[in-house]
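Enquirer: Please read through the structure below; I'll follow up with questions.
Residue numbers (mature numbering (1 follows the signal peptide of the UniProt record, and there is no 0)): -21 to -1, 1 to 164.
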């Protein structure tokens, strides 16, 4: 439990201050992400989506194409960040050289027009729902953060509108445990 709290705090600190902007497109709850639009930035959602729990720092460095900047560098717990010129970034946490958490900011698309999420949609999301039920209400979401502790996977998904409004949903083992909204109409 303590390790989980440490990992969540580390990822939240790195992502603190990052405004919503969308992320990895997830529409069906399967392990494989749906198609991600081509992105010419060095660190993008295509690379983020290829990072999986259990991978070593060396494997992640190969995916990213460059060494990350060390944000935390303890004996067993390490965290690295890869930042683009526009401020978008990927952060990955390792425990005993195995990936246990990842997060990203500013890498994905924003929702516009009929695809924008609303307060009425937010109200339909309930604790215990599965990801596909959420997708049926909100449409495909984007992964902001994933943490694995003691074999349990916690994922934060986001739906961000181009006007700054949005919805975040946190799932533990595939079920909604928390939802938050910001500036919804």
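Backbone N, C-alpha and C fix where the C-beta goes; we use that ideal spot for every residue, glycine too.
Rounded C-beta distance between residue 149 and residue 135? I'm assuming under 8 Å.
Expert: Counted from its first residue, the chain shown places residue 149 at position 170. Counted from its first residue, the chain shown places residue 135 at position 156. Going by Cβ atoms, the distance from residue 149 to residue 135 rounds to 5 Å, so yes, they are a contact pair.
Enquirer: Would you report the Cα separation of residue 147 and residue 50, rounded to the nearest angstrom?
Expert: On the chain shown, position 168 is the one that residue 147 refers to. On the chain shown, position 71 is the one that residue 50 refers to. Spanning the two alpha carbons is a distance of roughly 25 Å.
Enquirer: Go ahead and pull the three-state DSSP assignment for residue 123.
Expert: In the chain shown, residue 123 corresponds to position 144, counting from 1. Residue state, collapsed to three classes: strand.
Enquirer: Comparing C-alpha positions only, which one of 116, 43 and 25 sits nearest to residue 167?
Expert: Limits of the chain in this structure are -21 at one end and 164 at the other, which puts residue 167 out of reach.
Enquirer: Looking only at its chain, what residues have a beta carbon closer than 7 Å to the beta carbon of residue 39, apart from the 5 residues adjacent to it on each side?
Expert: As a first step, residue 39 must be located in the chain shown, where it is residue number 60. Excluding residues within five positions, the ones whose Cβ falls inside 7 Å are 30, 71 and 78.
Enquirer: Thinking residue 20 and residue 63 are a contact (beta carbons under 8 Å), I'd like their distance in whole angstroms, please.
Expert: Translated into positions along the chain shown, residue 20 becomes position 41. Translated into positions along the chain shown, residue 63 becomes position 84. Residue 20 to residue 63, Cβ: 5 Å. Contact.
Enquirer: Quick one: residues in its chain with C-beta nearer than 7 Å to the C-beta of residue 152, no 5 flanking neighbours on either side, listed in chain order?
Expert: Here the question's residue 152 lines up with position 173 in the chain shown. Excluding residues within five positions, the ones whose Cβ falls inside 7 Å are 131 and 132.
Enquirer: Can you grab the Cα-Cα spacing for the pair residue 154 / residue 107, in whole Å?
Expert: As a first step, residue 154 must be located in the chain shown, where it is residue number 175. As a first step, residue 107 must be located in the chain shown, where it is residue number 128. The alpha-carbon atoms of residue 154 and residue 107 are separated by roughly 5 Å.
Enquirer: Distance, Cα to Cα, residue 56 vs residue 127?
Expert: Counting from 1 along the chain shown, the entry for residue 56 is found at position 77. Counting from 1 along the chain shown, the entry for residue 127 is found at position 148. So the two alpha carbons sit approximately 14 Å from each other.
Enquirer: Which residues bound the alpha helix (DSSP H) around residue 116?
Expert: For the purposes of this step, residue 116 is taken as residue 137 along the chain shown, with counting starting at 1. That run of the alpha helix (DSSP H) goes 110 to 117.
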